[in-house]
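Participant: Input: one structure, supplied below.
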Amino acid sequence: MQGTIKRLVGDKNFGFIGTDGGAKDVFFHASSLQGVQFSDLNVGDAVTFEVEDSEKGPRAVNVNRA
Numbered sequence: 001m002q003g004t005i006k007r008l009v010g011d012k013n014f015g016f017i018g019t020d021g022g023a024k025d026v027f028f029h030a031s032s033l034q035g036v037q038f039s040d041l042n043v044g045d046a047v048t049f050e051v052e053d054s055e056k057g058p059r060a061v062n063v064n065r066a
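Under my numbering, the residue at position 35 of the sequence shown is numbered 35, and the numbers go up by one with no gaps.
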């Protein structure tokens, strides 16, 4: 999937990605990043990712800067 970084919570190393389809924003954690450091991301950055189910709902994994 493709999306855009909508919100970053730097002190907790997580954020939310808005999907291009306009569905609900998807949670991601810094541990799900591939080829980019959390500190290098900015709101508005385009990313690609996959979605998997977790105990707390859907989350983005294999997040790469597009």
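Glycine is no exception: its CB is placed at the ideal position from the N, C-alpha and C atoms.
#1: Measuring CA to CA, which of Lys-12, Val-9, Gly-57 and Thr-48 is closest to Gly-21?
#2: Given a threshold of 16 other Cβ atoms within 10 Å of its Cβ, counted over all protein chains shown, does Ala-68 qualify as buried or as exposed?
#3: Give me the Cα-Cα distance between Ser-31 and Gly-10, rounded to the nearest whole angstrom.
#4: Round the Cβ separation of Thr-4 and Ala-46 to the nearest angstrom and send it over; I've been treating them as touching at under 8 Å.
#5: So what does DSSP say about Ala-30, is it helix, strand or coil?
#6: Can you tell me whether Asp-53 is helix, strand or coil according to DSSP?
#7: In whole angstroms, what separates the C-alpha of Leu-8 from that of Asn-64?
Facilitator: From the atom records:
#1: Thr-48
#2: Look at the range of the chain in this structure, 1 to 66, and you will see that residue 68 is not part of it.
#3: 13 Å
#4: 6 Å
#5: helix
#6: strand
#7: 15 Å
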